[in-house]
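This report concerns only the one structure given below.
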Amino acid sequence: AALRLGRGDVLQTLLSACSEGSRCVALLKSFASEQRLEDCLAVFRACEPKSSCLYNVVVDACMEAGDARLAESVMAEAVSANLADVVTYNTMIKAHLRRSDLSRARAALASMRDAGLQPNTVTFNEFLNAAT
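Counting with the numbering used here, you get residues 261 to 392 for the letters of the sequence shown.
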């Protein structure tokens with residue numbers, strides 16, 4: 261109701277009262293699965309504190325909605341907040357590969373390594389799946 265009425269203040273109060281981050285993640289995933297990207301972003305913005313998991317869900321939601329520019333922006337925010345993890349980078353790599361953008365996928369892999377994170381089997385499987 262707070263979203264429909266444009267009451268970000270009420271939304272933030274409700275979410276801050278929720279001590280379980282998993283509920284916020286579930287809410288974000290629900291909006292994402294319904295292609296309600298604006299609502300997903302509104303809830304994400306109201307969630308404090310942010311976590312890697314929250315960023316991961318929103319990056320994936322942006323990519324699933326076809327908004328690569330917004331996904332890149334959220335990714336940059338996650339990196340800046342030092343909350344981008346291997347899953348965040350893998351999500352970007354997968355999205356780039358789905359769009360047949362090998363150069364951006366490789367750049368994301370290089371950024372992952374530059375951030376001190378090690379690619380995992382999921383990372384390499386995404387590249388292998390894209391090659392077949």
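No residue lacks a Cβ here, since even glycine has one placed at the ideal position from N, Cα and C.
(Q) Residues in the same chain with beta-carbon distance under 8 angstroms from A368, minus the five sequence neighbours each way, listed in chain order, please. (A) Y349, M352, I353 and H356
Q) Whose C-beta lies closer than 6 angstroms to the C-beta of D320 among residues of the same chain, with five residues either side of it excluded? A) T351
Q.
Beta-carbon within less than 8 angstroms of D327's beta-carbon, same chain only, minus the 5 sequence neighbours each way: which residues are those?
A. L297
Q. Do F304 and V285 have their CB atoms nearer than 8 angstroms?
A. no
(Q) Suppose the cutoff is 6 angstroms on Cβ atoms and the five residues either side in sequence are ignored; what does the same chain contact list for M323 look like? (A) A331 and A355
Q. Are the CB atoms of C300 and A306 nearer to each other than 8 angstroms?
A. no
**Q.** Backbone CA spacing between L343 and T392 [nearest angstrom]
**A.** 32 angstroms
Q. Residue range of the alpha helix (DSSP H) that D299 falls in?
A. L297 to A306
Q | Own chain, CB closer than 7 angstroms to N316, minus 5 neighbours either side, in chain order | A | V347, T348 and T351
Q) With a CB to CB cut of under 6 angstroms and the five nearest residues on each side skipped, what residues in its chain are close to T383? A) N350
**Q.** Under the three-state DSSP convention, the category S360 falls into
**A.** coil
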